[in-house]
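FYI, the numbering for the sequence shown is 3 to 111, going by this note's numbering.
We put the CB at the ideal spot given by N, CA and C, even for glycine.
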Amino acid sequence: GTPGGVPGGMVDEAPLRVGGAVSRPEKISGPQPVYTEMARKARVQGVVIVEAIIDEKGNVTNARVLKGLPMGLDKAALEAVQRWKFKPATLNGRPVRVYYSLTVNFQVQ
């Protein structure tokens, strides 16, 4: 292989922000987050906002919680989001890496 695992010595471009000529990624599939038992019993509801990088293949990377909920719900949201699959964002028809905020809703049924 090549040193550092980067083919042809390409420099990784910094992720872009969605907007203008950069289309937003579209969620194709992925699990719903699991409600923790403690949070369900306490009837904790709300949203967890996760910022992540969606890569050129539509994978979620570098996910981190921007706004969390207690009792393990932010961790549950992160675990779910990391398994989501997206149609990648594009710039001039070419798939690109983007920063993207994902909102995960928790509502007690």
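I believe residue i touches residue j by the beta-carbon criterion, under 8 Å. Please report the beta-carbon distance rounded to the nearest angstrom.
i, j, result
"Leu-75", "Ala-41", "5 Å"
"Leu-18", "Arg-96", "Contact flag wrong, Cβ pair sits at about 11 Å."
"Thr-38", "Met-73", "6 Å"
Is residue i helix, strand or coil when you go by DSSP?
i, result
"Ala-23", "coil"
"Ala-16", "coil"
"Asn-107", "strand"
Given a cut-off of 7 Å on the beta-carbon distance, is the pair residue i and residue j in contact?
i, j, result
"Ala-65", "Val-50", "no"
"Val-67", "Val-52", "yes"
"Leu-71", "Ala-23", "no"
(request) Please confirm if the stretch 86-96 is in contact with the stretch 39-47, defined as three or more CB-CB distances below 8 Å between the two stretches. (result) no
(request) Only counting runs of 4 or more residues, tell me where the alpha helix (DSSP H) segments fall wholly within the stretch 31-80, in order along the chain. (result) 39-43
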